[in-house]
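Below: the structure, in structure tokens.
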Amino acid sequence: MRSRLVVKETVSVAVAAVLVVLLSMPLGPLPPLGDLLNPNGGVWTVAGGANHPAMEELRILGLDGDVTVLRDTWGVPHIFATTNHDLFFALGYVHAQDRMWQMDIQYRFAAGRLSEVLGPKYVEQDAFLRTVGLARMADRYLATLPPADPSLLALDAYAAGVNAWIGHTPGRDLPLEYRLLGYAPEAWSPTHSLTEGGLLAYGLSADFTDLELGLLTDRLGAAAVDELFPIASPIPVPPIVPNGTRGGGPVIDPLAARDILAKARLVEPFLGPLRAGIGSNNWVVAAANSSTGRPLLAGDPHLSFQLPAIWYEAHLRGGDYDVYGVTLPGTPGVFIGFNRDVAWSETNTGADVTDFYVESVNPSNPDEYLFQGQWRTFVSTRDVIRVKGGADVPVTVQESVHGPLVTRRGETVAMRWTGNATGSAIGAALRFMKAANWTEFRDALREWENPAQNFVFASWGGSPAMSTIAIRSNGLFPIRENNITGRVPLDCTGAFEWTGWVPFGEAPEAVDPPEGYLASANQIPAGQGYPHYLGWQWDPGYRARRINELLNGTLAANGTVSPDDMRAFQRDTLDVLAREFVPYIVAANSACGTPVCSVAINVLESWDFRMEADRAGASVWYGFIHRFIDDTFGDEWAAANVSDVMMPYPDVLERLVTQAPGSPWFDDVTTPAIETRDDIIRRALGEAAENLAARLGPEGTQWIWGRLHTRVFDSLSGLDALSRGPYPAEGDDITLDPAAGYEAHHGPSLRMVVTLGTPEDSTTVYPGGQSGNPVSPHYDDQLQLWLRREYKDIEFPTSAALPTGHLESTLILRRA
4 MRSRLVVKET VSVAVAAVLV VLLSMPLGPL PPLGDLLNPN GGVWTVAGGA NHPAMEELRI
64 LGLDGDVTVL RDTWGVPHIF ATTNHDLFFA LGYVHAQDRM WQMDIQYRFA AGRLSEVLGP
124 KYVEQDAFLR TVGLARMADR YLATLPPADP SLLALDAYAA GVNAWIGHTP GRDLPLEYRL
184 LGYAPEAWSP THSLTEGGLL AYGLSADFTD LELGLLTDRL GAAAVDELFP IASPIPVPPI
244 VPNGTRGGGP VIDPLAARDI LAKARLVEPF LGPLRAGIGS NNWVVAAANS STGRPLLAGD
304 PHLSFQLPAI WYEAHLRGGD YDVYGVTLPG TPGVFIGFNR DVAWSETNTG ADVTDFYVES
364 VNPSNPDEYL FQGQWRTFVS TRDVIRVKGG ADVPVTVQES VHGPLVTRRG ETVAMRWTGN
424 ATGSAIGAAL RFMKAANWTE FRDALREWEN PAQNFVFASW GGSPAMSTIA IRSNGLFPIR
484 ENNITGRVPL DCTGAFEWTG WVPFGEAPEA VDPPEGYLAS ANQIPAGQGY PHYLGWQWDP
544 GYRARRINEL LNGTLAANGT VSPDDMRAFQ RDTLDVLARE FVPYIVAANS ACGTPVCSVA
604 INVLESWDFR MEADRAGASV WYGFIHRFID DTFGDEWAAA NVSDVMMPYP DVLERLVTQA
664 PGSPWFDDVT TPAIETRDDI IRRALGEAAE NLAARLGPEG TQWIWGRLHT RVFDSLSGLD
724 ALSRGPYPAE GDDITLDPAA GYEAHHGPSL RMVVTLGTPE DSTTVYPGGQ SGNPVSPHYD
784 DQLQLWLRRE YKDIEFPTSA ALPTGHLEST LILRRA
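In structure tokens, the structure reads:
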């Protein structure tokens, strides 16, 4: 959920207009404006304080009893309560203490309410997100919950804790962003939590590539789309269903398709590009294969980098719970973590859970559409976008049986997404947190509907014989009529409807396999013969192949896998695709035509295929592969007027290189000659080498990857002084330690290795820190550790005490 230009847009205009006059003019109780944006002074020093008091005791209404919160030296709260209510109340309180403005602005973004505090620039974005309807769905779901539902009780308790902090915090101690923007936090509610939680679900599962495939089908033909965008990767897994079941609807009007894509891209500054190019990793090792004699679990979800970080670590002990892991500020629950008995982590499935329907509108009445032979009326919801510094903007959201209408330009198109039909993942997370074994955890997964995730699981049980490892692709997977896939927009005749969901018992799952390990890295979840269509945008499998190589190789060499091995795997930067491609590059350039080409070949021949920041080969490879993709497909895309649409994934290119060197896709349609694979390889390498020489110098020793490739951690406020980076970076799009693009804004948002049986020996790290206050030592104290690819030990006490030297502050909330 990366955001730029949130506060920056608002502040910079005001500052520029009055800077000369106000640089030394005090503004009431505030410091001079010239110091305002200095993170080491000025207003930051009074924004709630950089540190929590060493000892603080408060009387709070709404508690069942007393609660103790111990913060360790990393700022992680260890919450000790006697009831579930008090546990979630206290979690809401500490979230608000450390991350209130982050919670607020992410909720406002999800709800389409940024214009209220940031002004008219965000009206179009707000209108789109109100159309998607995350807040609307939250309210609908809450209306279905009985008063005693555990999710509702947790949401209510959490909201009460947030509101207790708001009520106890004077305006002068609110986060600075509120004072810069001139507003205060409103009362928190379960709707706020579910709307904000829905934002992550939307980012992980709502997908718009059907529109791009529709454009490509129109311009290149269905056969080309089936070849270049297969349902299953051609390297090395065969398709799970025949390509002939692509399914068909109308060819969507390009105006409508591009209008929807333009609206969807409005949210990219917050959620990252629609195709970030990276995913997540997790794997688990059975007790018999572990150096500890107990299962080991590793997880590193890959999400957008931001400050404050996406995650917030916490230890919750009390009532039914004793659990450690990462929470999402704004919501109750631990979403990735462990308790005394089990551990779990997730990767995104990439399942196809979004379809677009071209509705047939009544030419005599634009509020009616044809469905199954009958005219139906769109359901209309009228709303108003409040605009800071501008007039209110009325918005009308219309919905068909398929979902909200996302465009009426050219054609009327409705978006059907599982998020429109599902509830919250919080109920499942609450059950994960107290699960004691696979049976209980698996049963809890029945409540996890969206986003669809690959869950990796381990339990100890007290002995190797009682331990379990498992993996499961879980969520609501649509079953579509007539064996279609819905990969292109569909018509509204009723012949291409969702008829139900893949039964829970038929979702891909494995438990205690003979190999003694399980892994996922967003690859295809089921092999040939699986009866259901789940999707097609699977990761090409390079990370999955590498995980399996490392696990198999380590077991063959050592007999077991250790926690240190697991951490080393998370740091791995070997590019499997480069290892496959480089021999073809060298062979095609056996007689280089230019000195700079010879330098590039010499660099590649001595390279170990690792995308480390100090490797020159990494620079040559990355420059080559991006030129090669564009040189292979860019001419056809330009001729078809679809240069703004996605190109095939690298695994498709690998198949062409290794199996079809004479493929017509290698021919450049803009020249009279007939080019083949090696012609395009030579061209791409020459272009990459010339670019490196121009940017870094003629010598191969100058072409260091870290000089080109960086990681950047943007502040949610958009203020550069509060962002971090750029830092020289290792990795690329498909390494286990990933960093896509030349300036990476995505990657491992958490690295966690759990030792079952002795969970207190587990390690974690994430790129950021616990606090949203930029002058707090916990704003970014984990970032340098993360950049060095190191970890911190965790505290997991069984009583309200931490070891000597490990306690930073104590907060006691007493029942008033």
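Sequential numbering from 4 applies to the sequence shown in our numbering. Cβ atoms here follow ideal geometry from the backbone N, Cα and C, with glycine treated the same way.
Here's a check: name, in chain order, each residue in its chain whose Cβ is nearer than 6 Å to the Cβ of residue i, leaving out the five neighbours to either side.
i, result
"tyrosine 360", "His405, Ala417, Leu493, Cys495"
"methionine 569", "Leu299, Ala301, Val756"
"histidine 712", "Ala732, Tyr745"
"asparagine 342", "Asp325, Val326"
"alanine 581", "Phe612, Trp624"
"glycine 620", "Val606, Leu607, Trp610"
"asparagine 457", "Thr350, Thr352, Ser476, Ser523"
What separation, rounded to the nearest whole angstrom, lies between the Cα atoms of residue i and residue j?
i, j, result
"glycine 478", "alanine 455", "4 Å"
"methionine 649", "arginine 222", "13 Å"
"alanine 162", "glycine 68", "17 Å"
"phenylalanine 799", "isoleucine 82", "11 Å"
"glutamine 401", "glycine 393", "25 Å"
"arginine 182", "serine 774", "18 Å"
"asparagine 605", "arginine 698", "19 Å"
"aspartate 821", "tryptophan 668", "Residue coverage of the chain in this structure runs from 4 to 819, which leaves residue 821 outside it and unanswerable."
"tyrosine 513", "glycine 771", "Note on identity: in this sequence residue 513 is alanine, with tyrosine being the wrong assignment. Their backbone Cα atoms lie some 34 Å apart in a straight line."
"alanine 113", "tyrosine 324", "30 Å"
"threonine 758", "glycine 296", "10 Å"
"arginine 288", "alanine 265", "One detail in the question is off: residue 288 reads as valine in this sequence, not arginine. Cα to Cα, the separation comes out at about 44 Å."
"leucine 577", "glutamate 583", "12 Å"
"glycine 78", "leucine 179", "20 Å"
"leucine 148", "leucine 158", "11 Å"
"glutamine 128", "valine 409", "12 Å"
"leucine 197", "methionine 103", "16 Å"
"asparagine 246", "leucine 231", "Caution is warranted here: a pLDDT of 29 is assigned to asparagine 246, below 50, making its placement in the model unreliable, and the coordinate value is therefore given only provisionally. Cα to Cα, asparagine 246 sits roughly 11 Å from leucine 231."
"glycine 808", "threonine 172", "29 Å"
"arginine 111", "leucine 373", "35 Å"
Identify every residue that forms a DSSP beta bridge with residue i.
i, result
"isoleucine 487", "According to DSSP, which records beta bridges pairwise, isoleucine 487 is partnered with nothing at all."
"asparagine 644", "In DSSP, asparagine 644 forms no bridge with anything."
"lysine 795", "Thr767"
"arginine 727", "Phe716"
"valine 72", "Ile82, Leu814"
"asparagine 365", "Asn368"
"glycine 503", "Ile482"
"aspartate 210", "In the DSSP output, where bridge partners are listed per residue, aspartate 210 has none listed."
"glycine 302", "Asn285, Met755"
"arginine 351", "Before going on, a small fix: residue 351 reads as asparagine here, not arginine. According to DSSP, which records beta bridges pairwise, asparagine 351 is partnered with Gln456."
Within the same chain, show all residues whose beta-carbon is closer than 8 Å to that of residue i, passing over the 5 residues directly before and after it, in chain order.
i, result
"serine 293", "Leu299, Thr563, Val564, Ser565"
"threonine 399", "Ser383, Thr384, Arg385, Asp386"
Considering residue i, what are the terminal residues of the alpha helix (DSSP H) in which it resides?
i, result
"arginine 116", "Note, arginine 116: premise wrong, no alpha helix (DSSP H); not H, not E."
"leucine 788", "786 to 790"
"arginine 475", "It is not in any alpha helix (DSSP H) - arginine 475 instead sits in the beta strand (DSSP E) that spans 471 to 477."
"histidine 318", "Histidine 318 -> not in any alpha helix (DSSP H); beta strand (DSSP E) instead, spanning 315 to 321."
"phenylalanine 572", "566 to 573"
"asparagine 605", "598 to 608"
"proline 153", "153 to 171"
"glutamine 128", "126 to 135"
"aspartate 325", "No alpha helix (DSSP H) contains aspartate 325, which is instead part of the beta strand (DSSP E) from 324 to 330."
Who are the Cβ neighbours of residue i in its own chain at under 7 Å, not counting the five residues just before and after it?
i, result
"leucine 553", "Phe572, Asp575"
"arginine 630", "Ala687, Glu690, Ala691"
"aspartate 783", "Leu310, Arg727, Gly771, Gly772"
Answer yes or no: does any C-beta atom of chain C fall closer than 9 Å to that of residue i?
i, result
"arginine 62", "No chain C appears in this structure, which consists of one protein chain only."
Looking at the unbroken beta strand (DSSP E) that takes in residue i, where does it start and where does it end?
i, result
"glutamine 375", "No beta strand (DSSP E) holds glutamine 375; DSSP gives it neither H nor E."
"glycine 340", "339 to 342"
"valine 416", "415 to 420"
"tyrosine 520", "520 to 523"
"proline 653", "Careful: proline 653 lies outside any beta strand (DSSP E), inside the alpha helix (DSSP H) at 653 to 662."
"arginine 408", "It should be noted that the sequence gives leucine, not arginine, for residue 408. Here the beta strand (DSSP E) through leucine 408 covers 406 to 410."
"alanine 513", "512 to 514"
contact_flag[the segment 97 to 112, the segment 346 to 358] where n(CB pairs < 8 Å) is 3 or more | By the C-beta criterion, the segment 97 to 112 is judged not to be in contact with the segment 346 to 358, since fewer than 3 inter-stretch pairs fall below 8 Å.
Tell me, please, whether the segment 584 to 591 touches the segment 775 to 782 by the rule of three or more beta-carbon pairs shorter than 8 Å.
-> With contact defined as three or more Cβ pairs closer than 8 Å, the segment 584 to 591 and the segment 775 to 782 are not in contact.
Is the segment 318 to 330 touching the segment 416 to 430, taking contact as three or more C-beta pairs under 8 Å?
-> Flag = no, the segment 318 to 330 and the segment 416 to 430 do not touch.
Could you say if the segment 126 to 135 and the segment 54 to 68 meet the contact criterion of at least three C-beta pairs nearer than 8 Å?
-> Touching, no.
At least three beta-carbon pairs within less than 8 Å, the segment 726 to 740 to the segment 660 to 676 = The segment 660 to 676 and the segment 726 to 740 do not touch, with fewer than three beta-carbon pairs separated by less than 8 Å.
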